[in-house]
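> Numbering-wise (numbering that gives the first Met the number 0), the sequence shown opens with residue 0 and increments by one.
Quick reminder that beta carbons are idealized off the backbone N, C-alpha and C, glycines included.
All values derive from a computational prediction rather than experimental measurement.
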Amino acid sequence: MMMSKKILKHSCFYCSKLINVAVAGTIDERAINTKRILNPWERNENHTLCLNSAKAIGCTVVNIGTQDFIEGRRHLVLGMISQIIKIQLLADLNLKKTPQLLELVDDSKDVEELMSLPPEKILLRWMNFLLKKAGYKKIVTNFSSDVKDAEAYAHLLNVLAPEYSNPSTLTVKDPLTRAKLVLEHADRMGCKRYLTAKDIVEGSPNLNLAFVAHIFQHRNGLSTQTKQISFLETLPDDTQISREERAFRFWMNSLGNSTYIDNVFEDLRNGWLLLETLDKVSPGIVNWKVANKPPIKLPFRKVENCNQVVKIGKQLKFSLVNIAGNDIVQGNKKLILAYLWQLMRYNILQLLKNLRFHSHGKEITDADILQWANTKVSNSGTQSRMKSFKDKSLSDGIFFLELLSAVQPRAVNWSLVTKGVTDDEKKMNATYIISIARKLGCSIFLLPEDLTEVNQKMILTLTASIMYWYLKQPVDQDKSSGTSDSETISNSTLDDSASESSIEENGNL
0 MMMSKKILKH SCFYCSKLIN VAVAGTIDER AINTKRILNP WERNENHTLC LNSAKAIGCT
60 VVNIGTQDFI EGRRHLVLGM ISQIIKIQLL ADLNLKKTPQ LLELVDDSKD VEELMSLPPE
120 KILLRWMNFL LKKAGYKKIV TNFSSDVKDA EAYAHLLNVL APEYSNPSTL TVKDPLTRAK
180 LVLEHADRMG CKRYLTAKDI VEGSPNLNLA FVAHIFQHRN GLSTQTKQIS FLETLPDDTQ
240 ISREERAFRF WMNSLGNSTY IDNVFEDLRN GWLLLETLDK VSPGIVNWKV ANKPPIKLPF
300 RKVENCNQVV KIGKQLKFSL VNIAGNDIVQ GNKKLILAYL WQLMRYNILQ LLKNLRFHSH
360 GKEITDADIL QWANTKVSNS GTQSRMKSFK DKSLSDGIFF LELLSAVQPR AVNWSLVTKG
420 VTDDEKKMNA TYIISIARKL GCSIFLLPED LTEVNQKMIL TLTASIMYWY LKQPVDQDKS
480 SGTSDSETIS NSTLDDSASE SSIEENGNL
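#1: May I have the straight-line CA-CA distance separating M1 from P408, to the nearest angstrom?
#2: Excluding the five sequence neighbours on either side, which residues of its own chain have a C-beta within less than 7 Å of the C-beta of K375, listed in chain order?
#3: CB D390 to CB E424, shorter than 9 Å?
#4: V376 by DSSP, collapsed to three states: which one?
#5: Please identify the residue among P204, K456, N207 whose C-alpha is closest to the C-alpha of F388.
#6: Rounded to whole angstroms, how far is the Cβ of I465 from the Cβ of L450, which I believe are closer than 8 Å?
#7: Please tell me whether T223 has its Cβ less than 9 Å away from any Cβ of chain B.
#8: Find the nearest neighbour of K288 within the set T381, Q307, N93, judged by alpha-carbon distance.
#9: Where does F264 fall in DSSP's three states?
#10: Straight-line CA distance for D186 to N353?
#11: Between T170 and K85, what straight-line distance do the alpha-carbon atoms span, to the nearest angstrom?
#12: Quick check on this structure: which residue in F444, V61, R42, Q82 has the alpha carbon closest to the alpha carbon of R245?
#13: Measuring alpha carbon to alpha carbon, tell me which of F142, L129, L350 ends up nearest P161.
#14: Whose CA, out of C441, L159, S253, K137, lies closest to the CA of Q472?
#15: Tell me the rounded alpha-carbon separation between G330 and A133.
#16: Round the Cβ separation of W271 and N325 to the nearest angstrom and send it over; I've been treating them as touching at under 8 Å.
#17: Quick check on V302: buried or exposed, where buried means 16 or more other Cβ atoms within 10 Å of its Cβ?
#18: Assuming I335 and L254 are in contact, meaning their beta carbons sit under 8 Å apart, how far apart are those beta carbons, in whole angstroms?
#19: State whether the region 278–288 contacts the region 63–81, with contact taken as three or more CB pairs (one from each stretch) at a distance under 8 Å.
#20: Using only CA atoms, which one of K108, A30, S15 lies nearest to F68?
#21: State the Cα-Cα distance for the pair L470 and I368, rounded to the nearest angstrom.
#22: Measure the Cβ-Cβ separation of Y259 and T462 and say whether it is below 9 Å.
#23: Given that a residue counts as buried once 16 or more other Cβ atoms are within 10 Å of its Cβ, and exposed if not, what is T430?
#24: Which runs of the alpha helix (DSSP H) fall wholly inside the region 316–344 and span at least 4 residues, in chain order?
#25: With a cut-off of 8 Å on the beta carbons, I'd call I397 and G380 a contact; round off their distance for me.
#26: Taking the alpha carbon of K333 as the reference point, which residue from V453, S241, I26 has its own alpha carbon closest?
#27: Apply the 10 Å Cβ neighbour rule to N45 and answer buried if 16 or more other Cβ atoms are within range, or exposed otherwise.
#28: Is H184 buried or exposed, if buried means 16 or more other CB atoms sit within 10 Å of its CB?
#29: Determine the extent of the alpha helix (DSSP H) in which V309 is found, giving its start and end residues.
#30: Closer than 7 Å by C-beta to G481: which residues in its own chain qualify, once you throw out the five before and the five after it? Chain order, please.
#31: Report yes if the C-beta distance between L221 and L89 is below 9 Å; otherwise report no.
#32: Starting from the Cα of L351, find the closest Cα among L339, V328, T364, L342 and give me that residue.
#33: Within its chain, find whatever has a CB closer than 6 Å to the CB of L75; leave out the 5 residues flanking it on each side and keep chain order.
#34: Please state whether the Cβ-Cβ distance between S434 and A30 is less than 9 Å.
#35: Whose C-beta lies closer than 7 Å to the C-beta of N269 among residues of the same chain, with five residues either side of it excluded?
Okay, structure coming up:
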């Protein structure tokens, strides 16, 4: 019991390590406060870094805060740890990491469907593919009731590792005994145990999912010579699209919608989750009386939801010239991303407006954010300047390090900063910037590549998030300039360099 309390007390340290195991490089360990004895402020920063990093890899942490770590609230901390472990276990269940998964499908249409499935569904498809080979007649549809008798596991392991099979596994009548034999088979294969025989027969969904995912990682039984793998080379390079989809997906999941989003292009097609997100961003804006709640079987009901999504977007002054509700229903990637970008941007601008300037009734613009950042850096005594959110000089990261240092003087350890000349140096600075921003309290979803390649959308959200964090701090926080931040905003004008970003990203599509 004492050990458990000790582990929970230091759960942030373990979570940080787990996060980097799940998604390598998420937390730059240079940003972690590592003194032997941390003061409450430093300890809180570490917890904040951990929570924001967990959100950034896809964990839902709506109901957990830094105080829960400090107090060691078991169910909340363990809940987050289980999410991190699940992300790590399912990391290889995609065509990029495991192209051999193409063996599960027959044609290009099936490939597109496979690529859109969440990892759990791909894992089930893989399991059923091998069970069919083994002559197992049933279809496994879940990791609970369908595996409780352990028969599916016995057949799965027999086809994957027949050299370790025990004939009695399939002849015994007692499910618990069979489950024990299955785990012994897995041990002989070299698969570590994530569960007990009792967990199998009781149908624990999370533990059974972890067990199957670990088997897949250890030995997936798929051909390494699949001819269809060459098909991947004919697919368009959607690196930028997938990166933006990832950022918007994790942002939407961080809002605490009713359903976890696994794939933006598939999961938003009925419009319901978009309506939920709009209601989170602008409470009361959705007319729920005319909304259709899932499951929605009739296509025109989905169109009705998506038409309301577009209507609300126009109400919020999004540029939606070529976007109709049916485009969302059809899963049009470019148009969905364009809508989500404007929604995410609107959200951060509204947060800024409501935080500081609602009494003036003034909208916050991209130019205001740009000017604020330049003013903070200039007033700190450095010469760096951001010309626009697509200024290529930002790729070395120095401007953002100076901005972070300006808003929190002790945030940056300059002895750890590189000159940002080579690609490796730029990436080191970028990972450090992201972790420092998260450590302060910024909820951001960009990748180091977004900084080094100067993705203007993500540059804007990073700058706005730093601004939002700073303006939330107590009024008596050090403000070295003679001009207040509110004056900086009110006096700003929309210059060409800043408006260019807004026009390009929200312009006609």
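By the coordinates alone:
#1: Here the model assigns M1 a pLDDT of 37, short of 50, so the residue's position is not dependable and the matter cannot be decided.
#2: L402, A405, V406
#3: no
#4: helix
#5: K456
#6: Incorrect: roughly 13 Å between the Cβ atoms, too far for contact.
#7: The displayed structure is made up of one protein chain only, and chain B is not part of it.
#8: Q307
#9: helix
#10: 57 Å
#11: 33 Å
#12: F444
#13: L129
#14: C441
#15: 36 Å
#16: Not really, about 16 Å apart at Cβ, beyond 8 Å.
#17: buried
#18: Not really, about 17 Å apart at Cβ, beyond 8 Å.
#19: no
#20: S15
#21: 12 Å
#22: no
#23: buried
#24: 324–328
#25: Actually they do not touch by this definition, with Cβ atoms about 14 Å apart.
#26: S241
#27: buried
#28: buried
#29: 298–314
#30: Low confidence applies to G481: its pLDDT is 42, below 50, so where it sits in the model is not reliable enough to give any reading.
#31: no
#32: T364
#33: I63, D67
#34: yes
#35: P293, I295, K301, N304
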